[in-house]
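**Student:** This structure is in structure tokens; I'll ask about it shortly.
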């Protein structure tokens, strides 16, 4: 087990924890790291990702992330993300929590606040929409990994000029995730700076705790920051 998590394992039992943040922040790596340590500790958990995570959700994900979104109104875009999320909650998250399992999710409502917020949708209205679509189910804690936009780009192997496209740029669909930038990644550098700023602000109005963790540094250093924040926030 990774040092520093043993004392948190029981406190994370049956909790719903989300990892989120801008592109290149390392959320997926940290998600997998916490998952591995909790499984080593004998915690029964479910790991999922948003958008997608269900057969229906993956079909919606393909529409959202594998194609050019230039013709899609931001309201439609926001509703599609929430529709995928509603299916994930109904099919995966709510049953897992009812069975007293821990749930770790890669992205959730905070992503819509940031990304669709940066595209022009009122982030606070996202919360209203989520209440309608998901009912009273919210994460116990959301870990937002914060990273400088240019550093995030360098981590995923992209140069800032590669993102200097507007929403009307063509994004080539791909059957292999990660080979080509998805529709969110392909937006402009200024767009991603707005995303980062909105992630930094989301905790001020989100209905459950959001902790902002500095994601600069090596993976182990960032993980220890996450453990420290979990220890501070969890009852």
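Residue numbers (the working numbering): 1489 to 1723.
Glycine included, every Cβ here is placed at the ideal spot set by N, Cα and C.
1) Could you have a look at residue 1507 and say whether DSSP puts it in helix, strand or coil?
2) Rounded to whole angstroms, how far is the Cβ of residue 1684 from the Cβ of residue 1637, which I believe are closer than 8 Å?
3) Rounding to the nearest angstrom, what Cα-Cα distance links residue 1505 and residue 1527 in this structure?
4) Less than 9 Å between the beta carbons of residue 1517 and residue 1593, yes or no?
5) Return helix, strand or coil for residue 1562, following the three-state DSSP convention.
6) Would you say the stretch 1496 to 1516 touches the stretch 1543 to 1550, given that touching needs at least three Cβ pairs under 8 Å?
7) Give the straight-line distance between the Cα atoms of residue 1642 and residue 1635, rounded to the nearest whole angstrom.
8) Mind checking which residues open and close the alpha helix (DSSP H) that includes residue 1680?
9) Between the Cα of residue 1679 and the Cα atoms of 1589, 1603 and 1574, which residue gives the shortest distance?
10) When the Cα of residue 1610 is compared with those of 1686, 1499, 1714 and 1639, which residue comes out closest?
11) Quick one: using the 10 Å Cβ neighbour count with 16 as the cut-off for buried, is residue 1581 buried or exposed?
12) Give me the residue from 1595, 1618, 1531 and 1498 with the minimum Cα distance to residue 1567.
13) When you compare the CB positions of residue 1572 and residue 1552, do they come within less than 9 Å of one another, or not?
14) Please report how far the alpha carbon of residue 1721 lies from the alpha carbon of residue 1565, in whole angstroms.
15) Taking 9 Å as the cut-off, decide whether the C-beta atoms of residue 1591 and residue 1605 are in contact.
16) Based on DSSP bridge pairs, tell me the residues matched to residue 1533.
17) Under the DSSP definition of a beta bridge, which residues are partnered with residue 1629?
18) Would residue 1719 and residue 1495 qualify as a contact pair, given that the criterion is a beta-carbon distance under 9 Å?
19) If distances are taken between C-alpha atoms only, which option among 1525, 1569 and 1500 comes closest to residue 1711?
20) Below 8 Å on the Cβ atoms is my contact criterion, and I expect residue 1632 with residue 1598 to pass it. Report the Cβ-Cβ distance as a whole number of Å.
21) Smallest Cα separation from residue 1558: which of 1676, 1700 and 1715?
22) Does residue 1500 pass the burial test, meaning 16 or more other C-beta atoms within 10 Å, or should it be called exposed?
23) What is the C-beta distance between residue 1549 and residue 1628, in whole angstroms, given that I count them as a contact (C-beta under 8 Å)?
24) Determine the DSSP secondary structure at residue 1526, reduced to helix, strand or coil.
**Tutor:** Concretely, from the data shown:
1) strand
2) 6 Å
3) 15 Å
4) no
5) helix
6) no
7) 11 Å
8) 1677 to 1689
9) 1603
10) 1686
11) buried
12) 1618
13) yes
14) 33 Å
15) no
16) 1590
17) 1505
18) yes
19) 1525
20) 6 Å
21) 1676
22) buried
23) In fact, because the Cβ distance is near 25 Å, the residues do not count as touching under 8 Å.
24) helix
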